[in-house]
Amino acid sequence: MKIATILGTRPEIIKMAPIIDEIDKNNIDQIIIHTGQHYDKEMSDNFFKDLEIPTPNYNIHVGSGTHGKQTGHMMEGIEEILLKEKPDIVLVQGDTNAVLAGALVCGKLHIAIGHVEAGLRSFDMTMPEEINRRAADVCSTMYFIPTENSAINLLSEGFSRKNLIITGNTVVDACFRHLEIAKKRGFEEKSLKKLDIDNMDNILTLTMHRAENVDVKKRVNNIIDALKELTEMNVIFPIHPRTKNMLEKFGLFDELNNLKHVHIVKPIGYLDFLLLTSKSTLILTDSGGLQEEAITLNVPALTLRYNTERPETVTAGGNILVGSNKEAIIENANKILNDEKFADNMKNAINPYGQGDAAKKTVDAIKKYYDEGMLNITAPEEIMTSFTRKMIQIKEDITVKEFETNKNSLIHMVFDGEKMRVPTDELNINEMIISYTQYNKLA
Ligand code: UD1
Ligand code: UDP
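Under the working numbering, the first residue of the sequence shown is numbered 1007, with each subsequent residue one higher.
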């Protein structure tokens, strides 16, 4: 079996690293394709070193550009490589332009695609990421889903339960493993050493890079106005290149940089960043990965967004959405700083993203699919049967799998009282309402 992994930005490198390791441990052939979307040393190369993963076999060097340009250029490059390499499955991660490009190319080439971190939804179609993740899900063969909530998103959109595999999120694997390494090593980044974080009080780690925040001057202004008032905190701000460009364009960089309690540094390596976040009193961010890492590291998070595709972090109590609302940022940051009970409740939120074995679950599932010939994408040769969509309440002790076998059917949705459940093979559906497809022989 040969597995190809496509990645191109900082979070994809971090979240695919545990899977790349696991593929290697299983002695499976693999190739890594870098789209080149992130190219600065601080946004790409340093992560391959920190995470100890091999240099990519290919780099498409797409660089920066409009969405159409980036995606189109990636598609051409990916197609050429896949035609030559002929992998059995291609893995894409998350919601970047690489995910969209990879999924579209594989769909047309009839190569199985595994979407890592599938099923997330912000329901905000102005986000490029929402379009990417939805389109990738339409083309995918295997879905590696972090939480039950994300599986329910897919079931609600009509995806078959058959290929939904709840794994947890590989960010937990990466976080657990590398925090230990980082603790043994200590800070390496020169700028962080100079700051002497170990002796600092009340660290607020800030990251922001979402287009809907940093490309809008009013939003950036609101966030800076809030930071101006949080003088009890030491704000450490590893700045994303997009954000640095925009702050300079708006003439706001110096204003923020001149604040005594705000320390702007270059994007920092993964090990140093994990050490920094784990020592933080509070994380203020619009990053997807950081919302997940905050709850994994038991650090309260305030998210600079009006919606999130990670609502589990909010319902668990570890994350609060504050948008770019100055008052909401200040009020919640001060509560975390001064109200011990409030802060403890946030710190003690249960991590919904699993135990750190997502990579193993992912690769085990791929091996099973490969062994059973389920990665072969071929046109069906059976004559199509007629089918009827039905809904009933079950009144007997029976599992999902037994019901499907007895009735030659496929269950889509299961409601236990008012709550939707994920129909796993072994779920007993007595007393539940189900919707299913009944396959009939044509007369
Ligand atoms: C991309 C992803 C986003 C992800 C983020 C992770 C898409 C649509 N966006 O956003 O989902 O959360 O990566 O960080 O795929 N730049 C540099 N050096 C680099 C990379 C970028 O200077 O190495 C600058 C360029 O000016 C570029 C800008 O940052 O125009 C934005 O980069 P881009 O890759 O388009 O999007 P991100 O904001 O990084
Ligand atoms: N990160 C890092 N150094 C930094 C900032 C972030 O290592 O200076 C890591 C962080 O730990 C997380 C990932 O980058 O795992 C998040 O990437 P980003 O916020 O760029 O993208 P998103 O997750 O929003 O797609």
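For glycine and all other residues, C-beta sits at the position ideal for the given N, C-alpha and C. Since the structure is predicted, the reported quantities are computational estimates derived from the model, not experimental observations.
Put simply, the backbone Cα of Gly1324 is about 39 Å away from that of His1079.
For Met1426, the CB contacts under 8 Å within the same chain, skipping 5 residues up- and downstream, are Ile1158, Leu1161, Ser1162, Met1419, Val1420 in chain order. Here the alpha carbon of Thr1173 sits roughly 44 Å from the alpha carbon of Asp1260. Inclusion of Ile1342 and Thr1319 in the CB contact set at 8 Å is not warranted, their separation being larger than that value. Cβ-Cβ distances below 8 Å link Leu1433 to Thr1405, Val1406, Val1420, Arg1427 in the same chain, with the five nearest sequence neighbours on each side left out; the list follows chain order. Under the 8 Å Cβ criterion, the stretch 1302-1312 counts as touching the stretch 1284-1293, having at least three qualifying pairs.
For the ligand UD1, a non-hydrogen atom lies closer than 7 Å to the CB of Thr1015. According to DSSP, Gly1362 shares a beta bridge with no other residue. Within the stretch 1374-1421, the complete alpha helix (DSSP H) segments of 4 residues or longer fall at 1406-1413, listed in chain order. Under the three-state reduction of DSSP, Asp1027 is assigned to helix. Going by beta carbons, Val1105 and Tyr1359 fall outside the 8 Å limit. Runs of the beta strand (DSSP E) lying entirely within the stretch 1160-1229 and spanning at least 3 residues, in chain order: 1170-1172, 1209-1213. In this structure, Glu1424 is the residue among His1215, Glu1424, Ile1270 with its C-alpha nearest to the C-alpha of Glu1437.
In the structure shown, Thr1314 falls within a coil segment according to DSSP collapsed to helix, strand and coil.
An exposed status is given to Val1144, since fewer than 16 other beta-carbon atoms sit within 10 Å of its beta-carbon.
Distances from the CB of His1121 to the heavy atoms of the ligand UD1 are all 7 Å or more. Ala1385 counts as exposed, since fewer than 16 other beta carbons sit within 10 angstroms of its beta carbon. At a threshold of 7 Å, Phe1279 counts as near the ligand UDP, since its beta carbon sits closer than that to one of the ligand's heavy atoms.
At the C-beta level, His1121 and Ala1142 come within 8 Å of one another. Taking C-beta separations shorter than 6 Å and ignoring five residues to either side along the sequence, the partners of Asp1056 in its chain run Gly1275, Tyr1276, Leu1277, following chain order. Unbroken beta strand (DSSP E) stretches of 3 residues or longer found wholly inside the stretch 1060-1104: 1095-1099, given in chain order.
When the five nearest sequence neighbours on each side are left out, the beta carbons in the same chain lying within less than 7 Å of the beta carbon of Arg1248 are those of His1215, Val1220, in order along the chain. The alpha carbon of Glu1123 has as its nearest neighbour, out of Arg1395, Asp1377, Asp1422, Ala1364, the alpha carbon of Ala1364. Counting of Cβ neighbours within 10 angstroms places Thr1411 among the exposed residues, the total staying below 16. Setting aside the 5 residues that flank it on each side, Asn1208 is surrounded in the same chain by Glu1238, Met1239, Asn1240, Thr1287, Leu1343, each with a C-beta closer than 7 Å to its C-beta; the list follows chain order.
Under the three-pair Cβ rule at 8 Å, the stretch 1100-1117 counts as touching the stretch 1033-1053. In this structure, the alpha-carbon of Glu1402 lies about 41 Å from that of Gly1113. Between the alpha carbons of Asn1357 and Glu1387 lies a gap of roughly 45 Å. DSSP, reduced to helix, strand and coil, places Met1049 within a helical segment of the structure shown. Note on geometry: alpha-carbon atoms of Val1328 and Pro1093 lie some 43 Å from one another. For Asn1240, the enclosing beta strand (DSSP E) stretches over residues 1240-1244. Only residues of its own chain outside the window of five on either side were considered, and among them His1044, Met1049, Ser1050, Phe1053, Pro1273 have a CB closer than 8 Å to the CB of Arg1016, listed in chain order. Here Phe1193 is buried: its Cβ has 16 or more other Cβ atoms, across all protein chains shown, within 10 Å. Within the same chain, Cβ atoms closer than 6 Å to the Cβ of Thr1147 are found at Ala1118, Ile1119, the five residues on either side in sequence being excluded. Assignment of beta-bridge partners to Tyr1445 by DSSP yields Phe1393.
Counting along the chain, the unbroken alpha helix (DSSP H) around Met1352 starts and ends at 1346-1353.
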